[in-house]
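For what it's worth, my numbering labels the leading residue of the sequence shown as -1, then goes sequentially. Positions of the beta carbon are idealized from the N, C-alpha and C atoms, including for glycine. Read through the structure below, which is laid out as structure tokens, and then see the notes.
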Amino acid sequence: MTSPPPRWTFRGPSHSATLSRRTPASPSSLPTWTPQGRLRWHRSSANTPSSQPFINTTLWRTGKNFAAKNPDCVEHVAASSGSGVADLERLCAILEAVPVIKYICLDVANGYSEYFVEFVKTVRERFPKHTIMAGNVVTGEMVEELILSGADIIKVGIGPGSVCTTRIKTGVGYPQLSAVIECADSAHGLKGHIISDGGCSCPGDVAKALVSIQPKHLLLKGLGCTGAGADFVMMGGMLAGHDQCTGEVIEKNGKKVKLFYGMSSDTAMKKYVGGVAEYRASEGRTVEVPYRGDVNNTILDVLGGLRSTCTYVGAAKLKELSRRTTFIRVTQQSSQMFIS
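Below you can see the structure in the form of structure tokens.
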């Protein structure tokens, strides 16, 4: 029987720079910072009682079981984490339990903080050989800052998601196409990559996102992506409602639907953190989307659209899209004549 991993706990005097097995932290302990401004942590035995049970051994065993049952897909899975102390604890546990995972996604709604930049540096120092995704941001300057701090791929997008209400609740956001063009230019100048996160509602939007990510450097760092200039497109709403999505199929008025919600919605916060904190507001919707069966059909539709895009513009490869196209402003994307 495989034993759980050693616990990682933050403790020690201010500016400590040692890594050792010691007594777990007291409840009032805070993350330890080095004189260079880096987070440091200490290691303690898994069998030592801890007053800060950040490591969930159930999570560790779940990761092991998932890797055992899905060996074909686990190498394409990223370990996702926030930027809190407990998040780093869990991230260490997951990557120790499933060492085949090569990707880390540091996922926060607002990447504009010094704390997040330092967190990226800490994770890079702890996992020097992993590919790190970080975000979300929408400006070239912050893309450069995160890449120089150790991130390989930057997630771009604030407010464009189909169930995101950030722009309504806060007034903060950036047009997604403009953000992608600006951020891609900054990332490729440092041999980094970006993910266009949000805003796609049809296969044509995926093509436009790939077009707008203009290639300057053809370094992929071993990533199995579609092309050197294409980078990545992230989809949520387009993949909602399928068999592979969590949640039960609900029958309503003779129609089958599934629930889809943003991670800052009331539904998500009640499910994962016990509710919306008094000092903040929900920034996501909970909606019912039509049940759409197996996701493979949707994926084939998106891929078919991309192939046709390349045919129309004369691109032999996705990385050629930006050299074969230009953007023009229109008042209407398509005819709405027979659309109710």
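Can you tell which of 194, 184, 114 and 167 has the C-alpha that lies nearest to the C-alpha of residue 173?
194
With 16 other Cβ atoms within 10 Å as the buried cut-off, status of residue 186:
buried
Pick out the complete beta strand (DSSP E) segments inside the stretch 143 to 220, 3 residues or longer, and give them in chain order.
151 to 154 and 191 to 195
Output the boundary residues of the beta strand (DSSP E) element that contains residue 103.
101 to 105
What residues are listed by DSSP as bridge partners for residue 132?
104 and 152
So who's on the other strand from residue 240, going by DSSP bridges?
291
Rank 178, 252 and 277 by C-alpha distance to the C-alpha of residue 288 and give the top, closest one.
252
Classify residue 87 as helix, strand or coil using the three-state DSSP reduction.
helix
Grouping DSSP H, G and I as helix and E and B as strand, with all else coil, what is residue 285?
strand
Going by the beta-carbon positions, is the gap between residue 282 and residue 260 smaller than 8 Å?
yes
Between the alpha carbons of residue 328 and residue 272, how many angstroms are there, rounded?
45 Å
Helix, strand or coil, according to DSSP, for residue 248 in the structure here?
strand
Could you check where the alpha helix (DSSP H) with residue 335 kicks off and where it finishes?
No alpha helix (DSSP H) contains residue 335, which DSSP labels as neither H nor E.
Applying the 10 Å Cβ sphere with the 16-neighbour rule, what's the burial state of residue 164?
buried
Distance, residue 67 Cα to residue 345 Cα:
What the structure shows of the chain is the stretch from -1 to 338, and residue 345 is not part of that stretch, so it cannot be assessed.
Among 148, 241, 306 and 158, whose alpha-carbon lies nearest the alpha-carbon of residue 294?
241
Quick one: Cα of residue 309 to Cα of residue 300, how far?
14 Å
I'd like the list of long-range same chain contacts for residue 140, defined as Cβ closer than 7 Å, with 5 residues on each side in sequence excluded.
109 and 110
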